[in-house]
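In what follows, a single structure is set out as structure tokens and then discussed.
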Amino acid sequence: MSVQRLDAMIEVVAQAICDPAQALDQVPHSLAVQWPDAPALELTVALASAADAAQVVFEEVGETGQRAQHVWRLAAMVAADVHYVMLGKAGACTAADLLAFWQREDCT
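Sequential numbering from 19 applies to the sequence shown in the numbering used here.
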């Protein structure tokens, strides 16, 4: 795991949480496109870390707090997708593998 890459991912997600004009459902896809070689679970870590940080600051009240809750759900869905991809794959699962899965399943 690259600490710099993870920090950059967390920053992207945190900015999305704080920007009500940004559609949150596309954030996992955007992360995977930007870092296709990253381990797939790293996307989940970035989503969960940013959501947790936002909730520490904003709690669960207001729009930003609610957006952080939504990102927690996205983190759980990405983790489930990683598990599903891993069922049919030997070796590590990358963000590119998730992109391929999402395209096959029309999840984007």
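Don't be surprised by glycine CBs; every beta carbon is placed ideally from N, CA and C.
As the structure is a computational prediction, the values presented were derived from the model and not from experiment.
Per DSSP, what kind of secondary structure is residue 46 in: helix, strand or coil? Correct three-state label for residue 46: helix.
Burial state of residue 85 (16 or more Cβ within 10 Å): Buried: at least 16 other Cβ atoms inside 10 Å.
Leaving out five residues before and five after residue 76 in sequence, what residues of the same chain have Cβ atoms less than 7 Å from its Cβ? Answer for residue 76: 82, 83 and 86, listed in chain order.
If I measure Cβ to Cβ from residue 72 and keep anything under 8 Å in the same chain, skipping five residues before and after, which residues do I get? Sequence-distant partners of residue 72 (beyond 5 residues in either direction) whose C-beta falls short of 8 Å from its own C-beta, in its chain, are 32, 35, 36, 82, 83, 85, 86 and 89.
How close, in whole Å, do the beta carbons of residue 59 and residue 100 come, if the pair is a contact with beta carbons under 8 Å? Correct: roughly 6 Å between the Cβ atoms.
Whole-angstrom distance between residue 61 and residue 12, CA atom to CA atom: Nothing about residue 12 can be read from this structure; the chain reaches only from 19 to 126.
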